[in-house]
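Engineer: Numbering-wise (the numbering used here), the sequence shown opens with residue 55 and increments by one.
Note that the Cβ used here is the ideal one computed from N, Cα and C, for glycine as well.
I have a structure I would like to understand better, so I am pasting it below and will then ask my questions one at a time.
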Amino acid sequence: MKKILYIFCCVALLALFFTHPATVALGCSAGLTLWYTAVLPSLLPFLIVSGLLVGTGLFRYLNRFYAPPLSRLLGISQEGCYAVLMGFLCGFPMGAKVTADLVREDHISAEEGNYLLSFCNNVSPAFLLNYICLAKFGYPTVPWPLVGVFYAVPLLYGFLTRPLWHFQRENRRTAKQASLRRIDFPMLDACIMDSFSTVTRLGGYIILFSILTRLSALLPLGASASVLFSALLEISGGIDGIVSAATDLPSTLQTSLVCACAAFGGLSICAQTQSVIADTPLRLRSYLAGRLAVTLLTLLFLLLLPSAAPALRGCW
Numbered sequence: 055m056k057k058i059l060y061i062f063c064c065v066a067l068l069a070l071f072f073t074h075p076a077t078v079a080l081g082c083s084a085g086l087t088l089w090y091t092a093v094l095p096s097l098l099p100f101l102i103v104s105g106l107l108v109g110t111g112l113f114r115y116l117n118r119f120y121a122p123p124l125s126r127l128l129g130i131s132q133e134g135c136y137a138v139l140m141g142f143l144c145g146f147p148m149g150a151k152v153t154a155d156l157v158r159e160d161h162i163s164a165e166e167g168n169y170l171l172s173f174c175n176n177v178s179p180a181f182l183l184n185y186i187c188l189a190k191f192g193y194p195t196v197p198w199p200l201v202g203v204f205y206a207v208p209l210l211y212g213f214l215t216r217p218l219w220h221f222q223r224e225n226r227r228t229a230k231q232a233s234l235r236r237i238d239f240p241m242l243d244a245c246i247m248d249s250f251s252t253v254t255r256l257g258g259y260i261i262l263f264s265i266l267t268r269l270s271a272l273l274p275l276g277a278s279a280s281v282l283f284s285a286l287l288e289i290s291g292g293i294d295g296i297v298s299a300a301t302d303l304p305s306t307l308q309t310s311l312v313c314a315c316a317a318f319g320g321l322s323i324c325a326q327t328q329s330v331i332a333d334t335p336l337r338l339r340s341y342l343a344g345r346l347a348v349t350l351l352t353l354l355f356l357l358l359l360p361s362a363a364p365a366l367r368g369c370w
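Below, the structure written as structure tokens:
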């Protein structure tokens with residue numbers, strides 16, 4: 055039955071490609087532009103440098119500055135703290151990619167990697183501040199309370215769910231912790247090729263889901279269902295749809311819906327995450343369970359906090 059459903063979906067999609075070539079071309083162009091102008095220049099340098107840091111073990115020197123409090127708060131190894139840092143600062147799917155690299159190099163266990171995957175793969179602060187807060191909502195200044203709540207929610211989820219995961223905070227291979235590798239050209243070549251392979255695959259997913267978002271407008275759905283479906287598919291299209299369709303809603307509800315969409319990331323990000331963890335013991339269901347929980351918590355917190363805390367009224 056499942057195989058028949060897959061075949062039907064593929065045939066239907068292929069038929070849409072042939073019958074609506076202009077829509078497909080627009081979606082492809084939009085996805086390619088997004089990948090080339092935003093994803094490639096912002097993500098590729100981080101992928102290369104992070105690959106070198108993990109491959110050489112030099113990331114542990116960075117850990118000295120931020121890992122001790124994070125390690126105590128979340129009960130994770132200091133190596134795992136690097137995935138948290140990159141996942142919160144560099145955006146989707148950098149947290150998943152770094153976690154997969156750490157598991158692949160045996161710096162952390164698969165169990166710790168699945169725990170990190172459940173909350174440390176997030177939208178980047180640059181996207182949240184520039185695209186959502188300033189471009190879409192038009193805030194004259196950065197709404198720091200909103201930003202703080204947005205990133206505190208996944209940390210809170212990680213803290214609350216830590217007792218459900220069973221792994222040692224200390225690394226199992228202390229000998230490997232002390233070893234460092236020198237950077238050489240074979241390592242640099244491998245990091246560059248791996249980074250280009252990763253960012254190219256991400257571009258393919260971005261283009262594919264951009265096309266699907268355009269084609270979804272052809273479905274006989276109501277306005278609300280169409281916006282919800284766009285948010286389910288892809289983050290930027292979903293945010294655009296919510297902002298455009300929810301002009302009559304209270305600002306608190308509109309902001310909460312947009313931030314919930316950003317917290318989830320869409321099926322496009324799920325596909326990208328699966329792509330970067332494919333050759334590791336990491337499980338996509340760990341990521342999905344965490345994303346769904348963080349999305350729901352983000353929506354609830356942003357809806358309820360202004361009522362519970364008068365000082366936050368008007369902050370979003």
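(1) Going by beta-carbon coordinates alone, are Leu-170 and Thr-153 separated by less than 8 Å?
(2) Leaving out five residues on either side along the sequence, give the residues of the same chain with a beta carbon under 8 Å from the beta carbon of Ile-261.
(3) Any chance you could list the alpha helix (DSSP H) runs of at least 4 consecutive residues sitting entirely within the segment 188–251, in chain order?
(4) What runs of the beta strand (DSSP E), each 3 residues or longer, lie entirely inside the segment 273–348?
(5) Helix, strand or coil for Ala-363? Go by DSSP, reduced to three states.
(6) If you follow the alpha helix (DSSP H) that Glu-159 is in, where does it begin and where does it stop?
(7) Under a Cβ-count criterion, where at least 16 other Cβ atoms within 10 Å of its own Cβ denotes burial, should Cys-64 be classed as buried or exposed?
(8) Among the candidates Leu-101, Asn-117, Leu-336, Ser-329, whose CA atom is the shortest distance from the CA of Val-145?
(9) According to the neighbour-count rule (16 or more other Cβ atoms, all chains shown, within 10 Å of its Cβ), is Lys-151 buried or exposed?
(10) For Leu-98, which of Thr-334, Ser-249, Gln-328 has the nearest alpha-carbon?
(11) When the Cβ atoms of the segment 205–216 are set against those of the segment 345–364, are three or more pairs found closer than 8 Å?
(12) CA-CA distance, Asp-243 and Ser-251?
(13) Helix or strand or just coil, what does DSSP make of Gly-109?
(14) My output table needs one value for Ser-178: the three-state DSSP class, helix, strand or coil.
(15) Would the segment 305–321 count as touching the segment 282–296 if we require 3 or more Cβ pairs under 8 Å?
(16) Assuming Gly-134 is part of the alpha helix (DSSP H), what are its boundary residues?
(17) Please classify Pro-122: does DSSP put it in a helix, a strand, or coil?
(18) Thinking just about the alpha-carbon of each residue, which of Ser-172, Thr-254, Gly-257 is nearest to the one in Leu-218?
(19) If you count every other CB in all the chains shown that lies within 10 Å of the CB of Trp-198, and 16 or more means buried, which is it?
(20) Out of curiosity, what's the CA-to-CA distance linking Leu-303 and Arg-236?
(21) Which value, in whole angstroms, describes the spacing of the CA atoms of Ala-189 and His-220?
(22) Does DSSP put Trp-89 in a helix, in a strand, or in coil?
Structural biologist: If we stick to the structure as given:
(1) For this step, residue 170 is matched to residue 116 along the sequence shown. For this step, residue 153 is matched to residue 99 along the sequence shown. Less than 8 Å separates the beta-carbon of Leu-170 from that of Thr-153.
(2) Position 207 of the sequence shown holds residue 261. Contacts found: Gly-81, Cys-82, Gly-85, Leu-86, Trp-89.
(3) 198–215, 228–232
(4) none
(5) One-based indexing of the sequence shown puts residue 363 at position 309. Residue state, collapsed to three classes: coil.
(6) If you number the sequence shown from 1, residue 159 lands on position 105. Run containing Glu-159: none; DSSP gives neither H nor E here.
(7) The residue you call residue 64 lines up with position 10 of the sequence shown. Under the 10 Å beta carbon count, Cys-64 is surrounded by fewer than 16 other beta carbons and is classified as exposed.
(8) Here residue 145 refers to the residue found at position 91 of the sequence shown. This sequence places Gly at residue 145; Val is not what is there. Measuring from the Cα of Gly-145, the nearest candidate turns out to be Leu-101.
(9) On the sequence shown, residue 151 is found 97 positions in, with the first residue counted as 1. Buried, by the Cβ-count rule.
(10) On the sequence shown, position 44 is the one that residue 98 refers to. Nearest option by C-alpha distance: Ser-249.
(11) yes
(12) Here residue 243 corresponds to residue number 189 of the sequence shown, with the count starting at 1. Here residue 251 corresponds to residue number 197 of the sequence shown, with the count starting at 1. The straight-line gap from Cα to Cα measures roughly 12 Å.
(13) For this step, residue 109 is matched to residue 55 along the sequence shown. Correct three-state label for Gly-109: helix.
(14) Here residue 178 refers to the residue found at position 124 of the sequence shown. Looking at Ser-178 - three-state DSSP - the assignment turns out to be coil, as it is neither helix nor strand.
(15) yes
(16) Within the sequence shown, numbered from 1, the residue matching residue 134 stands at position 80. First-last of the alpha helix (DSSP H) with Gly-134: 132–143.
(17) If you number the sequence shown from 1, residue 122 lands on position 68. Looking at Pro-122 - three-state DSSP - the assignment turns out to be helix.
(18) Counting from 1 along the sequence shown, the entry for residue 218 is found at position 164. Measuring from the Cα of Leu-218, the nearest candidate turns out to be Ser-172.
(19) Reading the sequence shown from its first residue, position 144 is the one you call residue 198. So Trp-198 ends up on the exposed side.
(20) As a working mapping, residue 303 is identified with position 249 in the sequence shown. As a working mapping, residue 236 is identified with position 182 in the sequence shown. Approximately 56 Å between the Cα atoms of the pair.
(21) Counting from 1 along the sequence shown, the entry for residue 189 is found at position 135. Counting from 1 along the sequence shown, the entry for residue 220 is found at position 166. Approximately 42 Å between the Cα atoms of the pair.
(22) For the purposes of this step, residue 89 is taken as residue 35 along the sequence shown, with counting starting at 1. Correct three-state label for Trp-89: helix.
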